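Asks:
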Amino acid sequence: CDDASMNKSAMQSEKMTVPAISGEDFMAIMKRMAELEQKVTVLSAQPTTMPPEKEEMLNAAISRSNVLEQELAATKKALEDSLGRQEELVAYIEKKKKKKKLFNYW
456 CDDASMNKSA
466 MQSEKMTVPA
476 ISGEDFMAIM
486 KRMAELEQKV
496 TVLSAQPTTM
506 PPEKEEMLNA
516 AISRSNVLEQ
526 ELAATKKALE
536 DSLGRQEELV
546 AYIEKKKKKK
556 KLFNYW
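Positions 456 to 561 (the numbering used here) are the ones given, in order, by the sequence shown.
1) What number of angstroms, rounded off, separates the C-alpha of P502 from the C-alpha of E479?
2) Can you grab the Cα-Cα spacing for the pair A533 / A515, in whole Å?
3) By the three-class DSSP mapping on this structure, what secondary structure does A475 have?
4) Express the C-alpha separation of E492 and I476 in angstroms, rounding to a whole number.
5) Is DSSP giving T503 helix, strand or coil here?
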């Protein structure tokens with residue numbers, strides 16, 4: 456068995472296994488292909504840019520998001536400052552309690 460005869464027999468077996476397509480099936484496939492080609496043509500003809508009203512909506516949403524981020528950052532800073540003052544007050548009160556206990560022992 457040489458390569459040429461193996462290739463020839465492989466090609467013959469492929470020809471035998473190909474299913475036959477009826478004329479009706481072929482026409483249905485061709486009709487579907489034409490519909491798909493038409494849809495591709497329509498989609499290709501549409502502009503690739505975003506409509507102005509959608510772009511405005513998107514910009515407004517981004518702007519609101521930026522404002523919320525700024526407010527959130529300000530709130531976080533205020534909470535951190537408040538926590539720092541609270542910790543200072545707790546430390547001050549604890550210090551006063553310790554001094555009071557020391558004076559009560561004398």
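Ideal placement from N, C-alpha and C gives every residue a C-beta, glycine not left out.
Predicted model only: the values in this text are computed from it and were never measured.
Replies: By the coordinates alone:
1) Here residue 502 refers to the residue found at position 47 when the sequence shown is read from its first residue. Here residue 479 refers to the residue found at position 24 when the sequence shown is read from its first residue. Those two C-alpha atoms are separated by around 37 angstroms.
2) For the purposes of this step, residue 533 is identified with residue 78 of the sequence shown, where counting begins at 1. For the purposes of this step, residue 515 is identified with residue 60 of the sequence shown, where counting begins at 1. Each residue's Cα considered, the two are about 27 angstroms apart.
3) One-based indexing of the sequence shown puts residue 475 at position 20. Note: A475 maps to coil in three-state DSSP.
4) For this step, residue 476 is matched to residue 21 along the sequence shown. For this step, residue 492 is matched to residue 37 along the sequence shown. Each residue's alpha carbon lies about 22 angstroms from the other.
5) For this step, residue 503 is matched to residue 48 along the sequence shown. DSSP places T503 in coil when its eight states are reduced to three.
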